[in-house]
Amino acid sequence: DTAVSQTPKYLVTQMGNDKSIKCEQNLGHDTMYWYKQDSKKFLKIMFSYNNKELIINETVPNRFSPKSPDKAHLNLHINSLELGDSAVYFCASSHSGTSGRETETQYFGPGTRLLVL
Amino acid sequence: ILNVEQSPQSLHVQEGDSTNFTCSFPSSNFYALHWYRWETAKSPEALFVMTLNGDEKKKGRISATLNTKEGYSYLYIKGSQPEDSATYLCAFMDTGFQKLVFGTGTRLLVSP
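Protein chains in written order, with our numbering: chain A, 1 to 117; chain B, 118 to 229.
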């Protein structure tokens, strides 16, 4: 059983296109995240949602728009793709702090490797 | 800006060696410190969530300690095995932002 799944795993596209990455978790978590692994292999938070509500929105270009139709899904839509958007994008989920700090372990998806040509 | 630093950046040991890495983080407004293990081409997997000063956690041959007053955590691997080869990430969460700030990781290679 896949706990956190992402589709697609690989995405190759042209500059200027619009694309979406989907994320689903079956762990019953109430918080979901998008991370970007940059060229230096850093994992940086982009967004987080708690119960479908946006909690964290880092300084990400507004070409990136997350959407959470329900607690189990957090999709990432990217408009007008640029070369610099090429990266690996990871989705993650966790319980929120109301269950205790030790339950906030984040579970990561397999990553989506985006290449913009 | 929260700064989380890990050292060394990389480490190459022989099978059977014991090793340890350091994670440094801000000593104020501490909320939690996470350790993750990240194998190449896979996703990060949680090892420990540490919340209290003086915490010590253990999972098999891997253990971790936490000092929130001075802002550091150590991860120890006893008797390293080739399957321990991975990048070990720590991530800090403070009381203000409620987000994980990751370090750059320590890349461990264990040779048979």
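Just so you know, even glycine gets a beta-carbon here, dropped at the ideal spot from N, CA and C.
- When 169/B, 123/B, 133/B are compared, the shortest CA-CA separation from residue 211/B is found for 169/B.
- Here residue 200/B carries a helix assignment [DSSP, helix/strand/coil].
- Cβ-Cβ distances below 6 Å link residue 46/A to 34, 36, 58, 60 in the same chain, with the five nearest sequence neighbours on each side left out; the list follows chain order.
- The stretch 184 to 200 of chain B makes no contact with the stretch 79 to 88 of chain A, as fewer than three CB pairs between them are under 8 Å.
- Secondary-structure assignment with DSSP links residue 12/A through a beta bridge to 115/A.
- Residue 226/B places its beta carbon less than 7 Å from that of residue 202/B.
- Shown here for residue 106/A: same chain residues with a beta carbon closer than 6 Å to its own, the five before and five after excluded, namely 92, 94 in chain order.
- The C-beta separation of residue 128/B from residue 150/B comes to about 20 Å, leaving the pair out of contact by the 8 Å criterion.
- At least one CB atom of chain A sits nearer than 7 Å to the CB of residue 161/B.
- Taking all protein chains shown into account, residue 10/A has fewer than 16 neighbouring C-beta atoms within 10 Å of its C-beta and is therefore exposed.
- The beta carbon of residue 216/B sits closer than 7 Å to some beta carbon of chain A.
- Between residue 44/A and residue 180/B, the alpha-carbon positions lie close to 25 Å from each other.
- When DSSP states are grouped into helix, strand and coil, residue 169/B belongs to the coil group.
- Flagged as an interface residue toward chain B: residue 45/A, by a C-beta distance shorter than 7 Å.
- Proximity of the stretch 128 to 147 of chain B to the stretch 20 to 32 of chain A falls short of the contact definition, fewer than three beta-carbon pairs being nearer than 8 Å.
- The C-beta distance from residue 50/A to residue 96/A rounds to 6 Å, short enough to fall under 8 Å.
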